[in-house]
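This note's numbering applies: residue 2 is where the sequence shown begins, and numbers increase by one. Don't be surprised by glycine CBs; every beta carbon is placed ideally from N, CA and C.
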Amino acid sequence: MQQTADRIVQQMKSKGLRVTPQRFAVYAHLLARSDHPTAEQISSHLNQDVPTSSQATVYNSLQALREVGLVQEVLLEEGVCRYDANIAPHHHFRCQSCGVIEDIAWEKLQNLEFKGLRSGLQVENYEITVRGYCDCCSPRR
Ligand SMILES: [Zn+2]
Ligand SMILES: [Zn+2]
């Protein structure tokens with residue numbers, strides 16, 4: 002999901018977000034990868050280029066981006082918060098061996114039946130986590 006710097010700035014401004022170099026760097030970085038990194042991973046990656054973004058700065062930028070809805074938190078593991086710039090509804094596949102997380106397009110898992118739910122519960126949306134093994138980890142037989 003490569004996007005030009007202009008478009009990224011426009012997107013941030015359209016949400017009323019003040020564009021700072023840190024926020025820009027974090028958001029552009031997140032848009033360019035799809036593996037749902039943690040704040041630590043983002044910060045260590047960004048610091049390879051310019052060692053100025055402390056983990057706290059990265060974290061604050063992530064919170065600001067999340068508040069305006071440009072980034073979402075993905076919680077698939079106990080106590081581990083990952084970030085996703087794909088804010089369209091979608092599902093996730095998580096490898097139980099290496100922990101890699103891949104997006105599953107919404108259309109792939111559509112029309113689920115919720116007949117089993119007790120009456121009175123009204124489904125508005127849902128997000129599915131499929132667990133298994135990725136191409137690299139799939140157990141050989
Ligand atoms: Zn794997
Ligand atoms: Zn995702």
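- At least one heavy atom of ligand 1 falls within 8 Å of the beta-carbon of Tyr-134.
- Between the beta-carbon of Tyr-134 and that of Ser-98 there is about 6 Å, and that keeps the pair under the 8 Å contact cut.
- Judged by beta-carbon spacing, Glu-78 lies beyond the 9 Å limit of Asp-85, meaning their Cβ atoms are not closer than that value.
- The straight-line gap separating the alpha-carbon atoms of Val-10 and Thr-58 is approximately 18 Å.
- In the assembly as shown, Val-27 is a buried residue. Its beta-carbon has 16 or more other beta-carbons within 10 Å.
- For Glu-74, the uninterrupted beta strand (DSSP E) segment begins and ends at 73-78.
- Looking at the DSSP output, Thr-130 shares a beta bridge with His-93.
- For Arg-83, the secondary structure class from DSSP, reduced to helix, strand or coil, is strand.
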